[in-house]
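Presented below is the structure to which this report refers.
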Amino acid sequence: MNESIFILKGNIVYSKNTKELEIHPHSYLVCEGEVVKGVYEMLPSKFEGVPVIDYGDCLIIPGLTDLHVHAPQYTFRGLGMDMELLEWLETNTFPEEAKYKKLEYAREAYGIFVKNLKSGATTRACVFATVHRDATLFLMDELEKSGLVTYVGKVNMDRNCPDYLREPSAEVSGLETVEWIKDVLHKKYKNTMPILTPRFTPSCTDELMENLKKIQLYYQIPVQSHLSENPGEIDWVKELCPWSEFYGEAYDRFGLFGADCKTVMAHCVYSGEDEIARMKENGVFIAHCPESNMNLSSGIAPVRKFLEKGLKVGLGSDVAGGSTENLFAAMYHAIQASKLRWRLKDESLKPLTAEEVFYMATKGGGEFFGRTGSFEEGYEFDAVVLDDRRLEHPQELDVKARLERMIYLADEREVCAKYIRGKEIKLV
Ligand code: GUN
Ligand code: FE
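Shown next as structure tokens:
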């Protein structure tokens, strides 16, 4: 039998679609090479002799994808939340991100970020770094060592930020980005990929956007940014780009909004019908970041509408707009936020369910990375084993109820093993 086949045994749960879970109690999950071979309640005889790792009564779920997280902001998570976006950027974010000019600071800070991301249930992430090339490469080295699969972006910003952080021109920002990509390609990482990261329209000139499109076309790499997060931000984009019908056009005009260029946009709290239609047409992924949207009083995105219209939606922690990298928290925050939106704003959009948020955290966001976030045959083998014994209960609970409790109660303490692309990741 092939050396690279192994089997995990436990209570296996994954999403069939946004509404339905596949649940297989006390079953076998077969990994061949780096992909899922199948899930079986009775192990077929052809797998006789294949090593089985028995996780007893644990739950086994697909790895979680964080579609939007700021690595340099991890240092001030849980701090300074009494502001809206633009003031928060000026007061907390830009001064902190400036510190990453010094590699020594980056080493310490990014070391903590990667250590904690590695020990939780996240297996994949789209990560913002800062404008600094050296620090961004260091972060990528550390992520590569961790075994996590990530897209990481050196941030671009050439206007509307303090001098100490602003790149001197669109040209320099573009050149630095090219040099950074060359460095990344030279490293030949297996699991760590570059992603173009114009911070958001207010911090990027038209000329910079044009440069980034040229780079995108040449290197064929995806794009991440922010979209329609906050009313003040949206008004500002209207002033900066009077030609745009809606915020998303300020990216689409430059070819940085899906279509031939894989794109993930964080937030979309205020996306109107035109913007939603364009995202659907262009296949733009939405990173829903409910905790950040509450902390920065941004609002609540109409996620049910996105799902009903068939848009691609995943979850983001948006640390440090969000306080935690724990995506179980993102799941229950998404449910809770949707309930308030339904009650207070729009009764036509029913609250999100546990099945829907689990889908977004696994298969929905995972799609940005390809066939990821499910245990269907041929998906990349990312699995998280959860031991929920800490959360005692006197009554019987079935696997579905235990998963539901995980959404509200789990953190890295429940994660007892993690596999990415068929390889076990040491949690500490
Ligand atoms: N928009 C531009 N930059 C940021 C950021 O760092 N965090 C959030 N939440 N929104 C942004
Ligand atoms: Fe963000």
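Just so you know, the sequence shown maps onto residues 389 to 816 in my numbering.
Cβ coordinates follow ideal geometry from the N, Cα and C atoms, glycine included.
(1) Any heavy atom of the ligand GUN inside 6 Å of the beta-carbon of S705?
(2) Quick check for students: name the residue ranges of the beta strand (DSSP E) that lie wholly in the segment 565 to 590, counting only runs of 3 or more.
(3) Along the beta strand (DSSP E) that carries M719, what are the first and last residues, could you check?
(4) Just to confirm, does A689 get its C-beta within under 6 Å of one of the non-hydrogen atoms of the ligand ZN?
(5) Sorry if obvious, but does the Cβ on T481 come closer than 6 Å to a heavy atom of the ligand GUN?
(6) Determine the DSSP secondary structure at Y428, reduced to helix, strand or coil.
(7) Does the ligand FE have a heavy atom nearer than 6 Å to the CB of A718?
(8) Near L628, which residues of its chain fall below 8 Å by C-beta distance, leaving aside the five closest residues on each side in sequence?
(9) Go to N670, then tell me how far its beta strand (DSSP E) extends in each direction, as first and last residue.
(10) My understanding is that S726 touches L715, with C-beta atoms under 8 Å, so please give their C-beta distance in whole angstroms.
(11) Rounded to the nearest angstrom, what separates Q612 and M545 at their Cα positions?
(12) For A654, report the span of its beta strand (DSSP E) as first-last.
(13) Under a Cβ-count criterion, where at least 16 other Cβ atoms within 10 Å of its own Cβ denotes burial, should S392 be classed as buried or exposed?
(14) Please determine whether the Cβ atom of A654 lies at a distance below 6 Å from any heavy atom of the ligand FE.
(15) Cα separation between M748 and E420?
(16) Within the present structure, is the beta-carbon of S680 separated from the nearest heavy atom of the ligand GUN by less than 6 Å?
(17) Around the C-beta of P460, are 16 or more other C-beta atoms found within 10 angstroms, so that it is buried, or is it exposed?
(18) By alpha-carbon positions, which one of V707, M430, F763 ends up nearest to S680?
(19) Taking 7 Å as the threshold (C-beta atoms), are F516 and H458 in contact?
(20) Considering just the uninterrupted stretch of the alpha helix (DSSP H) at F673, what are its terminal residues?
(21) Taking the continuous beta strand (DSSP E) assigned at G541, which residues delimit it?
(22) Measuring straight from C-alpha to C-alpha, what distance separates A689 and I622?
So, from the listed chains and residues:
(1) Position 317 of the sequence shown holds residue 705. Incorrect: S705 has no Cβ contact closer than 6 Å to the ligand GUN.
(2) 580 to 582
(3) Counting from one through the sequence shown, the residue named residue 719 turns up at place 331. Here M719 belongs to no beta strand (DSSP E); instead the alpha helix (DSSP H) covers 715 to 732.
(4) The ligand ZN is absent from the structure shown, which contains only the ligand GUN and the ligand FE.
(5) In the sequence shown, counting from the first residue as 1, residue 481 sits at position 93. T481 Cβ: within cutoff of the ligand GUN.
(6) Along the sequence shown, one-based indexing puts residue 428 at 40. Y428: strand per DSSP, three-state reduction.
(7) Position 330 of the sequence shown, counted from the start, is the residue given in the question as residue 718. Not so, every heavy atom of the ligand FE lies at least 6 Å from the Cβ.
(8) Here residue 628 is taken as the residue at index 240 of the sequence shown, counted from 1. Here the set comprises T589, P590, A638.
(9) Translated into positions along the sequence shown, residue 670 becomes position 282. N670 -> not in any beta strand (DSSP E); alpha helix (DSSP H) instead, spanning 661 to 670.
(10) For the purposes of this step, residue 726 is taken as residue 338 along the sequence shown, with counting starting at 1. For the purposes of this step, residue 715 is taken as residue 327 along the sequence shown, with counting starting at 1. No, S726 and L715 are not in contact; Cβ-Cβ is about 16 Å, not under 8 Å.
(11) Translated into positions along the sequence shown, residue 612 becomes position 224. Translated into positions along the sequence shown, residue 545 becomes position 157. In a straight line, the C-alpha of Q612 is about 13 Å away from that of M545.
(12) Residue mapping note: residue 654 aligns to position 266 of the sequence shown, counting from 1. Residues 651 to 655.
(13) On the sequence shown, residue 392 is found 4 positions in, with the first residue counted as 1. Exposed.
(14) Position 266 of the sequence shown, counted from the first residue, corresponds to residue 654. Result yes, Cβ under 6 Å from the ligand FE.
(15) Stepping through the sequence shown from its first residue, residue 748 is reached at position 360. Stepping through the sequence shown from its first residue, residue 420 is reached at position 32. Near 25 Å, if we compare the C-alpha coordinates of E420 and M748.
(16) As a first step, residue 680 is located in the sequence shown; it is residue number 292 there, counting from the start. Flag set: Cβ of S680 near the ligand GUN.
(17) Mapped onto the sequence shown, residue 460 falls at position 72. Looking at its Cβ environment, which holds 16 or more other Cβ atoms inside 10 Å, P460 is buried.
(18) Residue mapping note: residue 680 aligns to position 292 of the sequence shown, counting from 1. Ranking V707, M430, F763 by Cα distance to S680 puts V707 first.
(19) In the sequence shown, counting from the first residue as 1, residue 458 sits at position 70. In the sequence shown, counting from the first residue as 1, residue 516 sits at position 128. Against a cut-off of 7 Å, the Cβ pair of F516 and H458 comes out as a contact.
(20) Indexing the sequence shown from 1 puts residue 673 at position 285. No alpha helix (DSSP H) contains F673, which is instead part of the beta strand (DSSP E) from 673 to 676.
(21) Residue 541 sits at position 153 when you count from the first residue of the sequence shown. Run containing G541: 537 to 541, per the beta strand (DSSP E) assignment.
(22) Position 301 of the sequence shown, counted from the first residue, corresponds to residue 689. Position 234 of the sequence shown, counted from the first residue, corresponds to residue 622. Their Cα atoms are separated by approximately 14 Å.
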